[in-house]
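Going line by line, the protein sequences match chains A and B.
With the numbering used here, letter number 35 in the first sequence gets 35, and the count goes up by one each step, no holes.
With the numbering used here, letter number 39 in the second sequence gets 39, and the count goes up by one each step, no holes.
The beta-carbon is built from N, C-alpha and C at its ideal position, and this holds for glycine as well.
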Amino acid sequence: MFFSPKGKTVITKAAIILFAMASLCSFNAVAAEMVQNSKQSLPFGIKSIVMQGYGYSGNIAVGVDIPSDSELFHFITLLGVAQQTHSGKRHGLLTLKGNWHPFSPIPVSRSPGQTISWEPFYTGLSVIIHDCIFSDCDDDRVFYELPDKYPADYYPRTAIAFALNMGSSIVFGGSVVYAELVITTQGLDAYYHNRFFLADNYDYWGLKSIASLGIGLKIHY
Amino acid sequence: MNSDKTLMIVIFSLTFFFAVSGCKSSPWEDCPENCQSDRFSIETNLALLKEKEKSIQINEGRTDFKVALIADSQRHPEDLDTVIELISNRREEIDFILFLGDLTDAGLEMEFDWVCKILKKTDLPFFAVIGNHDLLNYGEEIWRGVFGPLDYSLSFLGTKFILFNSNKMESSGAPNLAFIKAQAKIEPGETRFHTIAGAHVPPSDGSIFNSAESKAIKDTFMESGIHVSIHGHLHKSSYTYDETRDLYQYIISRLENNKYGILTITRNEFSFENCSNNSCTVALPE
Chain A
1 MFFSPKGKTV ITKAAIILFA MASLCSFNAV AAEMVQNSKQ SLPFGIKSIV
51 MQGYGYSGNI AVGVDIPSDS ELFHFITLLG VAQQTHSGKR HGLLTLKGNW
101 HPFSPIPVSR SPGQTISWEP FYTGLSVIIH DCIFSDCDDD RVFYELPDKY
151 PADYYPRTAI AFALNMGSSI VFGGSVVYAE LVITTQGLDA YYHNRFFLAD
201 NYDYWGLKSI ASLGIGLKIH Y
Chain B
1 MNSDKTLMIV IFSLTFFFAV SGCKSSPWED CPENCQSDRF SIETNLALLK
51 EKEKSIQINE GRTDFKVALI ADSQRHPEDL DTVIELISNR REEIDFILFL
101 GDLTDAGLEM EFDWVCKILK KTDLPFFAVI GNHDLLNYGE EIWRGVFGPL
151 DYSLSFLGTK FILFNSNKME SSGAPNLAFI KAQAKIEPGE TRFHTIAGAH
201 VPPSDGSIFN SAESKAIKDT FMESGIHVSI HGHLHKSSYT YDETRDLYQY
251 IISRLENNKY GILTITRNEF SFENCSNNSC TVALPE
């Protein structure tokens, strides 16, 4: 059979988690060094370098965060790569996020030279774009524009997904660690029409079926 | 609590939630967790059907049987769950389930996962043909992994079902008419009462097939001795008879609001019923 036994999937997942955690630590160290070595600020209002795992942005994604002057809104661009679990095919992803941060971080711990704060909630919207330039796409099935062969409005654009983000973050030193729940519009639509089925059959009130949890790290510049 | 401990707890909690969140690196993932079982493969279900046939031949000696037909569940897993329960409650009279395509709306991992979660609840053998919506995104890869080939056939109590991919626009080379002809041939020593074709898009759909293509498929049916074809795709049930080719075509309504069909086959006859919840009415050819 095409699918591996469940145990193998758990091992693969654990390996990916370890890899992601190791990558986050390395990324933190490299980014911190970059920040220390640089005397100038980044262009285009970029305030942070971002690295994220999962949350529909790829197994791993890197990008930049551009906050508004008031820091109420953050615009994040991520470039990610996703390796499909079973076929092993890889594809790239471009994620554009606009997040609204209505709460200021609340200090939760103070130690000499470092304050740890908690931002209880933020939300926003994402556009997630499947890369068909560098990745191998079947143009009849994954497309930005409906191919001419299909009647008008036969299918929506399948290579573009829209999503709702909800997250929470911990701010420490010059870094932010965030956890973000991402639900695509297809997932939201499915939940609206099938909430009893999803709640009865999937954990976390059915969210396990339609959401992806991402974790990320922002290094402030 | 010092900051290092807090940080450790935060990282541990995030890792835990990350671990339970499933393998969703992208909306285009291909690992529906609930489909990771041989229960869904055509091979397994053919073996179940063979066992059932053997048991019927030994214990009951009947040649008549009933098949539950469903199609186009797409974004309505809640209704599919209800219909599978309704059909399973009639397991004494229904012998297997045939799904005539569009199990999903966009061939997405989460949609296949819902279908597998639901199909796990029945002990009836089930078979499916791929729909045009199932082919979108990475649906074909998921389909082949979960169910198997897109064209196949099965025999049960003297009736042969030839199930094939008719999604011409999404699959180059479909439908494979040579496959239909080859499968329809009666093997030496084989006793066959009926040959039935099953596919998602009906050959009569003028928005997909031009008149020459439609004619070629129907002529293949006629030349191969197929006198019944069953389909989904059009979302509205219909039952027609093509006198020149002696071909009955039954199209099942989409599953929304718990609609399904029942095909009853006897040695010399066949009939269709349109069902909604527990009530069924006999379909008459137009």
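* Taking 9 Å as the CB-CB cut-off, is N137 (chain B) touching chain A? -> Locating residue 137 (chain B) in the second sequence gives position 137, where the first residue counts as 1. So yes, N137 (chain B) belongs to the interface.
* Asked: Tell me which same chain residues have a C-beta within less than 6 Å of the C-beta of Y54 (chain A), skipping the five on either side of it?
  -> One-based indexing of the first sequence puts residue 54 (chain A) at position 54. Same-chain partners within the cutoff: S212 and G214.
* Asked: Which bits of chain A does A106 (chain B) rub up against, with CB to CB less than 9 Å?
  -> Position 106 of the second sequence, counting from 1, holds the residue named residue 106 (chain B). Residues of chain A passing the Cβ test: Y155, P156, T158 and Q186.
* L255 (chain B) vs L80 (chain B) beta-carbon contact at 9 Å -> Sequence index remark: in the second sequence, residue 255 (chain B) carries index 255 (1-based). Sequence index remark: in the second sequence, residue 80 (chain B) carries index 80 (1-based). A contact, by the Cβ cut-off of 9 Å.
* Sufficient close CB pairs (3 or more, under 8 Å) joining the segment 64-83 of chain A to the segment 143-155 of chain A -> no
* **Per-residue contacts from Y56 (chain A) into chain B (C-beta, under 7 Å)** => Within the first sequence, numbered from 1, the residue matching residue 56 (chain A) stands at position 56. Those are K24, S26 and P27, listed as they occur along chain B.
* Can you tell me the Cα-Cα spacing of E29 (chain B) and Q57 (chain B), whole angstroms? -> Within the second sequence, numbered from 1, the residue matching residue 29 (chain B) stands at position 29. Within the second sequence, numbered from 1, the residue matching residue 57 (chain B) stands at position 57. Computed Cα separation, rounded: 44 Å.
* How many Å lie between A199 (chain A) and E109 (chain B) at the Cα? -> Counting from one through the first sequence, the residue named residue 199 (chain A) turns up at place 199. Counting from one through the second sequence, the residue named residue 109 (chain B) turns up at place 109. Answer to the nearest angstrom: the Cα atoms are 18 Å apart.
* What is the residue span of the alpha helix (DSSP H) that M222 (chain B) lies within? -> To locate residue 222 (chain B), count along the second sequence from 1; it is residue 222. M222 (chain B) -> alpha helix (DSSP H) spans S211 to E223.
* State the start and end residues of the unbroken alpha helix (DSSP H) segment that holds M110 (chain B). => Translated into the one-based positions of the second sequence, residue 110 (chain B) becomes position 110. Note, M110 (chain B): alpha helix (DSSP H), E109 to L119.
* Asked: So, does the CB of N99 (chain A) fall closer than 9 Å to a CB anywhere in chain B?
  -> Position 99 of the first sequence, counting from 1, holds the residue named residue 99 (chain A). Not an interface residue.
* To do: Check each candidate in B:I186, B:N277 and B:F179 and name the one with the smallest Cα separation from I70 (chain B).
  => The count along the second sequence starts at 1 and reaches residue 70 (chain B) at position 70. The shortest Cα separation from I70 (chain B) among B:I186, B:N277 and B:F179 belongs to B:N277.
* To do: Could you check which residue in B:R192, B:G198 and B:F193 has the C-alpha nearest to that of L100 (chain B)?
  => For the purposes of this step, residue 100 (chain B) is taken as residue 100 along the second sequence, with counting starting at 1. Cα-wise, what sits closest to L100 (chain B) is B:G198.
* To do: Mark Q114 (chain A) as exposed unless 16 or more other C-beta atoms lie within 10 angstroms of its C-beta, in which case mark it buried.
  => By one-based count along the first sequence, residue 114 (chain A) stands at place 114. That one is exposed.
* **Sub-9 Å separation of F65 (chain B) and L157 (chain B) beta-carbons** => Counted from its first residue, the second sequence places residue 65 (chain B) at position 65. Counted from its first residue, the second sequence places residue 157 (chain B) at position 157. It is a contact, given that the beta carbons lie within the stated cut-off.
* Asked: From T266 (chain B) to R192 (chain B), what does the alpha carbon distance come to, in whole angstroms?
  -> Sequence index remark: in the second sequence, residue 266 (chain B) carries index 266 (1-based). Sequence index remark: in the second sequence, residue 192 (chain B) carries index 192 (1-based). Cα to Cα, the separation comes out at about 12 Å.
* Asked: Given that P77 (chain B) touches chain A, what residues does it touch there, using C-beta distances under 7 Å?
  -> As a first step, residue 77 (chain B) is located in the second sequence; it is residue number 77 there, counting from the start. Going along chain A in sequence order, the residues near P77 (chain B) (Cβ under 7 Å) are N194 and F197.
* Three-way DSSP call (helix, strand, coil) for C35 (chain B) in this model -> Translated into positions along the second sequence, residue 35 (chain B) becomes position 35. Looking at C35 (chain B) - three-state DSSP - the assignment turns out to be helix.
* Hey, how far is the Cα of S109 (chain A) from the Cα of I160 (chain A)? -> Here residue 109 (chain A) corresponds to residue number 109 of the first sequence, with the count starting at 1. Here residue 160 (chain A) corresponds to residue number 160 of the first sequence, with the count starting at 1. Approximately 41 Å between the Cα atoms of the pair.
* Asked: Who does A197 (chain B) pair with in a DSSP beta bridge?
  -> Within the second sequence, numbered from 1, the residue matching residue 197 (chain B) stands at position 197. In the DSSP output, where bridge partners are listed per residue, A197 (chain B) has B:I162 and B:S229.
* Would you kindly report the start and end of the unbroken beta strand (DSSP E) that includes W100 (chain A)? => For this step, residue 100 (chain A) is matched to residue 100 along the first sequence. Residues R90 to W100.
* Minimum C-alpha distance to D151 (chain B) - residue among B:H227, B:A184 and B:G189 -> Working through the second sequence from its first residue, we reach residue 151 (chain B) at position 151. Among B:H227, B:A184 and B:G189, the Cα nearest to that of D151 (chain B) is on B:A184.
* Does any C-beta atom of chain A lie closer than 9 Å to the C-beta of D314 (chain B)? -> This structure cannot speak to residue 314 (chain B), because chain B is shown only from 1 to 286.
* Asked: Counting only beta-carbon atoms, is S153 (chain B) nearer than 9 Å to chain A?
  -> The residue you call residue 153 (chain B) lines up with position 153 of the second sequence. Closer than 9 Å: no.
* Asked: Using a C-beta to C-beta distance shorter than 7 Å, which residues of chain A count as neighbours of D81 (chain B)?
  -> Here residue 81 (chain B) refers to the residue found at position 81 of the second sequence. Residues of chain A passing the Cβ test: F197.
* Asked: What is the rounded straight-line gap between the Cα of S26 (chain B) and the Cα of E140 (chain B)?
  -> As a working note, residue 26 (chain B) is residue 26 in the second sequence. As a working note, residue 140 (chain B) is residue 140 in the second sequence. C-alpha separation (whole angstroms): 17 Å.
* **Contact the segment 126-137 of chain B vs the segment 88-103 of chain B: 3+ CB pairs below 8 Å** => yes
* Asked: Would you say L72 (chain A) faces chain B, with C-beta separation under 9 Å as the test?
  -> Here residue 72 (chain A) refers to the residue found at position 72 of the first sequence. Output row for L72 (chain A): interface = no.
* Using the beta-carbon count (16 or more within 10 Å), is G261 (chain B) buried or exposed? -> Numbered from 1 along the second sequence, position 261 holds the residue referred to as residue 261 (chain B). It is buried - the Cβ of G261 (chain B) has at least 16 other Cβ atoms within 10 Å.
* Could you tell me whether any Cβ in chain A is nearer than 9 Å to the Cβ of G131 (chain B)? => As a working note, residue 131 (chain B) is residue 131 in the second sequence. No - not a single Cβ of chain A is within 9 Å of the one on G131 (chain B).
* **G92 (chain A) vs D140 (chain A) beta-carbon contact at 9 Å** => As a position in the first sequence, residue 92 (chain A) is number 92, starting the count at 1. As a position in the first sequence, residue 140 (chain A) is number 140, starting the count at 1. Against a cut-off of 9 Å, the Cβ pair of D140 (chain A) and G92 (chain A) comes out as no contact.
* **First and last residue of the uninterrupted beta strand (DSSP E) at W118 (chain A)** => As a position in the first sequence, residue 118 (chain A) is number 118, starting the count at 1. That run of the beta strand (DSSP E) goes Q114 to H130.
* To do: Quick one: residues in its chain with C-beta nearer than 6 Å to the C-beta of S209 (chain A), no 5 flanking neighbours on either side, listed in chain order?
  => Sequence index remark: in the first sequence, residue 209 (chain A) carries index 209 (1-based). L198 and Y202.
* Asked: Mapping DSSP to helix, strand and coil, what is S168 (chain A)?
  -> Reading the first sequence from its first residue, position 168 is the one you call residue 168 (chain A). Three-state result, S168 (chain A): strand.
* To do: Examine chain A for any beta-carbon lying closer than 9 Å to the beta-carbon of E141 (chain B), and answer yes or no.
  => Here residue 141 (chain B) refers to the residue found at position 141 when the second sequence is read from its first residue. Yes - at least one Cβ of chain A is within 9 Å of the one on E141 (chain B).
* **Alpha-carbon spacing of S279 (chain B) relative to E243 (chain B), whole angstroms** => In the second sequence, the residue the question calls residue 279 (chain B) occupies position 279. In the second sequence, the residue the question calls residue 243 (chain B) occupies position 243. In a straight line, the C-alpha of S279 (chain B) is about 30 Å away from that of E243 (chain B).
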